[in-house]
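Residue numbers (this note's numbering), protein chains in the order written: chain A, 582 to 695; chain B, 18 to 133. Glycine residues also receive a C-beta, built at the ideal position from the N, C-alpha and C atoms. Please read all numbers here as calculations on a predicted model, not as lab measurements. Take a look at the structure below.
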Amino acid sequence: AQSVSQHNHHVILSEAASLELGCNYSYGGTVNLFWYVQYPGQHLQLLLKYFSGDPLVKGIKGFEAEFIKSKFSFNLRKPSVQWSDTAEYFCAVNADSSNYQLIWGAGTKLIIKP
Amino acid sequence: DAGVIQSPRHEVTEMGQEVTLRCKPISGHNSLFWYRQTMMRGLELLIYFNNNVPIDDSGMPEDRFSAKMPNASFSTLKIQPSEPRDSAVYFCASSGGLGFASDTQYFGPGTRLTVL
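Right under this line is the structure:
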């Protein structure tokens, strides 16, 4: 069965630190990849997505993610985090065999210390 | 655009009671998704509608759960009778196309359900 693994359930960083959140998926075919963010008390919103083309995808709020097909990974990065980045981050994958369904990771809670 | 609207935002009820959650998708979107989020199981897709028709309800946990979409601008998720293990945050999301992943899913604020 397809699955998405987010390695860290909790990450604590200081402001200005660099961030990398891991996401690995298990599917050998063509995939569409997403990162969503859920700020405290708010709904999920799309940070960025990859469908094809340049494997380095830039999203909102200075986030980017790199699709490495050989590693089945889609890690999220930000060079310098801010306190306002405190949120839960979800990786999601769509495999071409299921047109609509997203397979979700368990999420990573990110806490930024001011 | 107001985004996806869900009501109520919070619901506290007693075991055995009927619970109805409501969702208004973004105008013009023709795909609607109901999700449940819990600490134990994360985000789970319950049911997916396209053009008001249920396409996949394999995620609906059991017969106590039912969902309807009588028109393009309204959907309900009903739990009858409710049980404490149904306590979760229920999200509604909509997207503009056939529900392909190329169509970004836009989420509502969620309904936090507590069943005592």
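Start-to-end residues for the beta strand (DSSP E) that takes in residue i
{"i": "D80/B", "result": "Counting along the chain, D80/B falls outside any beta strand (DSSP E), and DSSP gives it neither H nor E."}
{"i": "S599/A", "result": "Careful: S599/A lies outside any beta strand (DSSP E) and carries neither H nor E."}
{"i": "D73/B", "result": "70–73"}
{"i": "L133/B", "result": "That residue, L133/B, is in no beta strand (DSSP E); it is neither H nor E in DSSP."}
{"i": "Q619/A", "result": "612–619"}
{"i": "S48/B", "result": "48–55"}
{"i": "R39/B", "result": "36–41"}
{"i": "S112/B", "result": "105–112"}
{"i": "G59/B", "result": "59–67"}
{"i": "V21/B", "result": "Segment: none, V21/B is in no beta strand (DSSP E) and carries neither H nor E."}
{"i": "E28/B", "result": "27–30"}
{"i": "S92/B", "result": "91–96"}
Burial state of residue i, where buried means 16 or more other Cβ atoms lie within 10 Å
{"i": "V70/B", "result": "exposed"}
{"i": "P660/A", "result": "exposed"}
{"i": "T128/B", "result": "buried"}
{"i": "T689/A", "result": "buried"}
{"i": "M86/B", "result": "buried"}
{"i": "A19/B", "result": "exposed"}
{"i": "G622/A", "result": "exposed"}
{"i": "V29/B", "result": "exposed"}
Cross-chain neighbours of residue i in chain A, by beta carbon under 9 Å
{"i": "P126/B", "result": "G622, Q623, H624"}
{"i": "S48/B", "result": "Y681"}
{"i": "T121/B", "result": "F615, L627, K630"}
{"i": "F108/B", "result": "H624, L625"}
Contact set between residue i and chain B, taken where Cβ atoms lie within less than 9 Å
{"i": "K690/A", "result": "Here the premise fails: no neighbours, minimum Cβ distance about 11 Å."}
{"i": "F671/A", "result": "G59, L60"}
Within chain A, the residues that residue i reaches when beta carbons sit closer than 7 Å
{"i": "G59/B", "result": "W685, A687, G688"}
>> With three or more C-beta pairs closer than 8 Å as the rule, is the stretch 60–69 of chain B touching the stretch 77–90 of chain B?
In response: yes
> Are the stretch 684–693 of chain A and the stretch 102–115 of chain B touching by the rule of at least three beta carbon pairs closer than 8 Å?
Replying inline: no
>> My parser needs the beta strand (DSSP E) runs of 3 or more residues fully inside the stretch 631–692 of chain A; what are they?
In response: 637–639, 645–649, 654–659, 668–676
> Are the stretch 596–610 of chain A and the stretch 628–641 of chain A touching by the rule of at least three beta carbon pairs closer than 8 Å?
Replying inline: no
> Should the stretch 588–598 of chain A be regarded as contacting the stretch 22–31 of chain B, the criterion being three or more beta carbon pairs within less than 8 Å?
Replying inline: no
>> Does the stretch 611–619 of chain A come into contact with the stretch 26–35 of chain B, if we say contact requires no fewer than three beta-carbon pairs (one atom in each stretch) closer than 8 Å?
In response: no
>> Between the stretch 664–679 of chain A and the stretch 41–49 of chain B, can you find at least three pairs of beta-carbon atoms closer than 8 Å?
In response: no
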